[in-house]
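All remarks here apply to the structure that follows.
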Amino acid sequence: MTTTPTAAKPTVDELRKRIKAELPDDTFDSRPWRALWFLPLATVGFGSIATIVVARPVWWASLLLALVAGQCMAAMGFLGHEVLHGSVVGDKRLQTFLGYVGFGPMMVSPTLWRTWHNQVHHRRTNLGNSDPDSFGTVERYEAAPSTRFVARLAPGSRRPLSYLFFLYWFTFHGQVVLWIQSKYMRGFRRMNRRRAIIDTAVCAAIWLTVLVLAGPFYALFAVVIPLVVANFIVMSYIATNHFLRPLTKENDPLDNSMSVNTFGWVDQLHFNFSHHVEHHLFPNMSGANAPRVRTWLKENEADRYVSPPHWLAFVYLYKTPRVYLDSTTLVDADHPDSDYRADTTQLAELLH
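Here my numbering is used: the first residue of the sequence shown is 162, the next is one more, and so on.
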């Protein structure tokens, strides 16, 4: 009896070329009009905070305004991410300005983000200990006190503080990357650290000013809740992008990245940020056209493309540890021989 040979897995470059050849040409065009979304988002978001500070509404109205402000900040972050990849406007100075609007509220400098995300993360996604967004391996955990500290805060560490992770992590991790990881990780050497530090200090000063003007009670609604909401929304996507996927030697988004499925109206609010495999395949593609790539992947790479419901991916973050014993095995780094572990290959089958 003869067997049919299994087709060889295409390389990432081959996959990209095929997708580009089979999708409409305008799939990969820039979308300058999307920059206009900053106008209503900034007006509503910052206007909500100003209303809290100046008008001091009753607590329930202040809470509603704070939730709206947090959602607007998260949306501006997603749009700023798109802008700084060059898929919206081509002018670098305009990109930087919009990057301040998008990331400044969460105290991340566009200068830092371009290096941290565009260069280091995208080039070294889940590549051993080289990705600043990964909690790394047991070896790094044992050697680096900073890694032990942050890994114990992560979902799946089974420590009490891990349940607060989504409320602050994006802003906090930005500071970890700026002050710690950028000093020893390859890829940050050419970053203008002075510029990134000044940017961060200015953002902190603005928030401090708002806090003082709001006073102790209204600072909860004008500062704390908007930042918590923005961090939660942003991290609910970022944490599911790679934390449940294996470490890889080759930077193949179908192997080391994951998308999630959410409601259509949520995708509209969040600029299709749920389409993350698609983004890693084509970082400079506008999120507006990411659904075209998703459709293609479902039709042509369904066995490798992982895109579970958003809520399910979120649940599994707390059901699995975050540190790698080997390329496919996640373990409790304090007790690597315990039964609390997860195989990323099996996780892909469960989440497929």
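Backbone N, C-alpha and C fix where the C-beta goes; we use that ideal spot for every residue, glycine too.
D493 in three-state terms, based on DSSP: Working through the sequence shown from its first residue, we reach residue 493 at position 332. Reduced to three states, the DSSP call for D493 is coil.
Run through the segment 400-476 for me and flag every whole alpha helix (DSSP H) of 4 or more residues, listed as ranges in chain order. 414-417, 425-430, 437-442, 451-461
One question on the structure: do G241 and G260 come within less than 8 angstroms of each other, judged by their Cβ atoms? Start at 1 with the first residue of the sequence shown, and residue 241 comes out as number 80. Start at 1 with the first residue of the sequence shown, and residue 260 comes out as number 99. Taking 8 angstroms as the Cβ cut-off, G241 and G260 qualify as a contacting pair.
So, at 8 angstroms on beta carbons, what are the nonlocal neighbours of P470 in its own chain, with the 5 sequence-adjacent residues on each side left out? Position 309 of the sequence shown holds residue 470. So the qualifying residues of the chain are V421, N422, T423.
The segment 346-359 contacting the segment 266-279, beta-carbon criterion three pairs below 8 angstroms: yes
From the DSSP output, in three-state form, read off L288 for me. If you number the sequence shown from 1, residue 288 lands on position 127. Looking at L288 - three-state DSSP - the assignment turns out to be coil, as it is neither helix nor strand.
With which residues is R275 paired in a DSSP beta bridge? Numbered from 1 along the sequence shown, position 114 holds the residue referred to as residue 275. Looking at the DSSP assignment, R275 forms no beta bridge with any residue, so it has no partner.
V219: which of E243, T308, K170, L381 sits nearest, CA to CA? Position 58 of the sequence shown holds residue 219. Of E243, T308, K170, L381, the residue nearest in Cα terms is L381.
Applying the 10 Å Cβ sphere with the 16-neighbour rule, what's the burial state of S397? Along the sequence shown, one-based indexing puts residue 397 at 236. It counts as buried.
Suppose you measure from the CA of A474 to the CA of T505; what does that come to, to the nearest Å? Along the sequence shown, read from residue 1 onward, the residue named residue 474 stands at position 313. Along the sequence shown, read from residue 1 onward, the residue named residue 505 stands at position 344. Straight-line Cα distance between these residues: approximately 13 angstroms.
Is it buried or exposed, R455, if we count other Cβ atoms within 10 angstroms and call 16 or more buried? Translated into positions along the sequence shown, residue 455 becomes position 294. By the 10 Å Cβ count, R455 comes out buried.
Does I399 pass the burial test, meaning 16 or more other C-beta atoms within 10 Å, or should it be called exposed? Your numbering for residue 399 matches position 238 in the sequence shown. The residue is buried, with at least 16 neighbouring Cβ atoms inside 10 Å.
Cα-Cα separation, M162 to K181: Taking the sequence shown and counting its residues from 1, one reaches residue 162 at position 1. Taking the sequence shown and counting its residues from 1, one reaches residue 181 at position 20. Caution applies to M162, whose pLDDT of 46 falls short of 50 and renders its modelled position unreliable; the model cannot decide the point.
Just to confirm the assignment, what range does the alpha helix (DSSP H) spanning D360 have? Working through the sequence shown from its first residue, we reach residue 360 at position 199. First-last of the alpha helix (DSSP H) with D360: 354-380.
To the nearest angstrom, how far is the alpha carbon of Q507 from that of R217? Looking up residue 507 in the sequence shown gives position 346. Looking up residue 217 in the sequence shown gives position 56. Each residue's alpha carbon lies about 52 angstroms from the other.
Assess contact between the segment 434-441 and the segment 478-496, defined as three or more Cβ pairs (one per stretch) separated by less than 8 angstroms. Is contact present? no
Which one of G265, T401, L372 has the shortest CA to CA distance from G335? Residue numbering aside, residue 335 sits at position 174 when the sequence shown is read from its first letter. It is G265 whose Cα lies nearest to the Cα of G335.
Please report the straight-line C-alpha distance between K170 and A222, rounded to a whole angstrom. Taking the sequence shown and counting its residues from 1, the one referred to as residue 170 is at position 9. Taking the sequence shown and counting its residues from 1, the one referred to as residue 222 is at position 61. Going from the Cα of K170 to the Cα of A222 covers about 55 angstroms.
When burial is assigned at 16 or more other CB atoms within 10 Å of the CB, is W472 buried or exposed? Translated into the one-based positions of the sequence shown, residue 472 becomes position 311. It is exposed - the Cβ of W472 has fewer than 16 other Cβ atoms within 10 Å.
Return yes when the Cβ of V214 is within less than 8 angstroms of the Cβ of M237, no when it is not. As a first step, residue 237 must be located in the sequence shown, where it is residue number 76. As a first step, residue 214 must be located in the sequence shown, where it is residue number 53. No, these two residues do not count as a Cβ contact at 8 angstroms.
Could you name the residues of the same chain whose beta carbon sits closer than 8 angstroms to that of A203, not counting the 5 residues immediately before and after it, in chain order? The residue labelled residue 203 in the question sits at position 42 within the sequence shown. Here the set comprises C233, M237, V262.
What did DSSP end up calling Y324 once you bin it into helix, strand or coil? Here residue 324 corresponds to residue number 163 of the sequence shown, with the count starting at 1. Y324: helix per DSSP, three-state reduction.
Among all the DSSP beta bridges, which residues are the ones paired with T298? Translated into positions along the sequence shown, residue 298 becomes position 137. In DSSP, T298 forms a bridge with Y485.
DSSP beta-bridge partners for A305? For the purposes of this step, residue 305 is identified with residue 144 of the sequence shown, where counting begins at 1. DSSP lists no partner for A305.
Per the contact definition of three or more C-beta pairs closer than 8 angstroms, is the segment 248-260 in contact with the segment 312-329? no
Taking the alpha carbon of Y538 as the reference point, which residue from I210, A463, H513 has its own alpha carbon closest? Missing from the structure shown is residue 538; the chain here goes from 162 to 513 and no further.
Can you give me the C-alpha to C-alpha distance between V371 and D493, rounded to a whole angstrom? To locate residue 371, count along the sequence shown from 1; it is residue 210. To locate residue 493, count along the sequence shown from 1; it is residue 332. Answer to the nearest angstrom: the Cα atoms are 41 angstroms apart.
Proximity winner among H436, S418, G348, relative to W277 (alpha-carbon distances): Taking the first residue of the sequence shown as 1, we reach residue 277 at position 116. Out of H436, S418, G348, G348 has the C-alpha closest to the C-alpha of W277.
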